[in-house]
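> Note that the working numbering numbers the sequence shown so that position 43 is 47, with each residue one more than the last. Note that the Cβ used here is the ideal one computed from N, Cα and C, for glycine as well.
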Amino acid sequence: MRQAAEWGEERTAARRAVEDVPSAVRSDVARVIETLLDGPDADVQSALDELWRLLEPYPELSERFFRLRVVDDAVEFLKS
Numbered sequence: 005m006r007q008a009a010e011w012g013e014e015r016t017a018a019r020r021a022v023e024d025v026p027s028a029v030r031s032d033v034a035r036v037i038e039t040l041l042d043g044p045d046a047d048v049q050s051a052l053d054e055l056w057r058l059l060e061p062y063p064e065l066s067e068r069f070f071r072l073r074v075v076d077d078a079v080e081f082l083k084s
């Protein structure tokens with residue numbers, strides 16, 4: 005039950021972060037985050053690459069997203 009609560013908090017935090025993204029890239033960032041949350045493992049690398057590309061013009065947002073657990077989990081997944 006605790007793990008389910010943590011997963012829900014992680015999803016909520018990721019979706020809140022998307023709300024702060026400029027509207028010009030928000031839908032693309034939302035799509036990428038959804039891929040990291042629910043997409044196939046085979047899409048993790050390309051989703052992370054696209055996320056960093058989309059956020060490149062916004063370094064303060066890049067830092068915020070890098071601290072999200074869903075992004076950290078994806079990076080750790082790729083390392084293993």
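By DSSP, does Leu72 sit in helix, in strand, or in coil?
Correct three-state label for Leu72: coil.
> Express the C-alpha separation of Glu13 and Arg24 in angstroms, rounding to a whole number.
It is worth fixing the name first, because residue 24 is Asp in this sequence and not Arg. Approximately 17 angstroms, taken between the alpha carbons.
> Output the distance between the C-alpha atoms of Ala34 and Arg57, rounded to the nearest integer angstrom.
Near 14 angstroms, if we compare the C-alpha coordinates of Arg57 and Ala34.
> Just to confirm my understanding: we take Arg73, look at its own chain, exclude 5 residues before and 5 after, and list those with CB closer than 6 angstroms. What are they?
Answer for Arg73: Glu14, listed in chain order.
> Restricting to Cα atoms, I'd like to know which of Arg30, Leu82 and Asp45 is closest to Tyr62.
Checked all of Arg30, Leu82 and Asp45; the closest Cα to Tyr62 is Arg30.
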